[in-house]
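K.L.:
The opening residue of the sequence shown carries number 11 in my numbering; numbering runs sequentially from there. C-beta atoms are modelled at their ideal positions from N, C-alpha and C, and glycine is treated no differently. A quick note: this is a predicted structure, and the numbers were derived from the prediction, not measured.
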Amino acid sequence: MQIIFGVDTYISIVLRGSDHTYHPEKTEKMAKVKILDKEFETSIPEAEILKAIDGVAAKINSELSDKNPLFVCVLNGAFMFAADLMKRVTIPCQISFVKVASYSGTSTTGSVKQLIGFNEDVKGRTVVLIEDIVDTGITIEGLVRQVEEMGASEVKVATMLFKPASCKASVKPSYVGMDIPNAFIVGYGLDYDGYGRNLRDIYKLAE
Ligand code: IMP
Ligand code: MG
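1. In terms of residues, what are the limits of the alpha helix (DSSP H) holding F89?
2. Check for me: the alpha helix (DSSP H) holding K133 runs from which residue to which?
3. Specify, as a first and last residue, the run of the beta strand (DSSP E) that E49 falls within.
4. Quick one: grab the DSSP three-state call for I63.
5. Indicate, with yes or no, if the ligand IMP has a heavy atom lying under 7 Å from the CB of L125.
6. For D201, which residues of its own chain have a beta-carbon under 8 Å away from its beta-carbon, when the five flanking residues on both sides are left out?
7. Check each candidate in Q104, I63, C177, T52 and name the one with the smallest Cα separation from M188.
8. What residue does the alpha helix (DSSP H) around I150 start on, and which one ends it?
9. Would you identify the three-state DSSP class for S163, choosing helix, strand or coil?
10. Using the rule of at least 16 other Cβ atoms within 10 Å of the residue's Cβ for burial, across every protein chain shown, is D211 buried or exposed?
11. Do V84 and V110 count as a contact pair if the criterion is CB distance below 8 Å?
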């Protein structure tokens with residue numbers, strides 16, 4: 011059966027079973043999802059994602075308990091991970107948001123264009139950048155440099171997903187939910203052409 015979201019049929023979802031009503035609570039049973047021209051299949055179910063986040067939060071809670079960290083969620087992709095992570099962080103902290111677009115030019119360091127910037131004074135603070143995924147590392151390297159130049163005493167990176175084989179940056183994330191291979195994925199904040207961010211599970215391109 012196919013479920014169509016929206017008037018323009020951008021996303022159709024193939025559910026197991028024969029129920030013809032859309033039940034958001036059954037989204038974990040989705041096997042395949044079509045976004046625009048591509049078909050994706052479940053890769054990391056929501057339960058596994060949340061278990062990994064429990065581990066990230068536990069590490070942060072034990073390592074940064076006396077640091078009064080400022081968490082900075084990197085929009086758009088990290089919104090869902092940031093929300094689930096922050097619900098599990100129990101130490102005194104603040105959270106803010108930045109929005110960036112990265113350019114992967116010929117330079118190995120790259121540069122990051124800021125669409126929404128920092129409001130907070132980061133001088134002398136422990137800053138934890140929250141990312142959905144560190145792929146080449148260009149985005150996170152640019153941001154880490156920027157926060158260091160703004161006078162933060164230390165800058166750490168928490169990422170839900172890390173592609174170690176693809177990462178060329180000198181900056182490596184301190185807190186990683188999961189290492190994954192170099193394959194394109196969507197869901198849980200990650201998009202394909204702007205779509206798929208709202209999916210609860212993570213999907214990979216279907217073979
Ligand atoms: P970077 O290559 O580490 O700079 O990654 C830049 C951004 O690309 C990430 O923050 C994601 O938003 C996006 N990205 C990287 N890999 C994927 C993927 O597999 N699916 C969707 N977006 C991705
Ligand atoms: Mg991102």
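P.N.:
Reading off the structure:
1. As a working mapping, residue 89 is identified with position 79 in the sequence shown. Taken as a continuous stretch (DSSP letters only), the alpha helix (DSSP H) holding F89 covers 89–98.
2. Residue mapping note: residue 133 aligns to position 123 of the sequence shown, counting from 1. K133 -> no alpha helix (DSSP H), and no H or E assigned at all.
3. Within the sequence shown, numbered from 1, the residue matching residue 49 stands at position 39. Looking at the DSSP string, the run of the beta strand (DSSP E) that includes E49 is 48–54.
4. In the sequence shown, counting from the first residue as 1, residue 63 sits at position 53. Helix, per DSSP.
5. Indexing the sequence shown from 1 puts residue 125 at position 115. It does not: the Cβ of L125 is nowhere closer than 7 Å to a heavy atom of the ligand IMP.
6. Counted from its first residue, the sequence shown places residue 201 at position 191. Counting only Cβ-Cβ distances below 8 Å, and skipping sequence neighbours, we find N86, G87, R207.
7. By one-based count along the sequence shown, residue 188 stands at place 178. Of the candidates Q104, I63, C177, T52, the one whose C-alpha sits nearest the C-alpha of M188 is I63.
8. Here the question's residue 150 lines up with position 140 in the sequence shown. Residues 148–159.
9. Along the sequence shown, read from residue 1 onward, the residue named residue 163 stands at position 153. Reduced to three states, the DSSP call for S163 is coil.
10. Mapped onto the sequence shown, residue 211 falls at position 201. Classification for D211: buried.
11. Along the sequence shown, read from residue 1 onward, the residue named residue 110 stands at position 100. Along the sequence shown, read from residue 1 onward, the residue named residue 84 stands at position 74. Yes, these two residues count as a Cβ contact at 8 Å.
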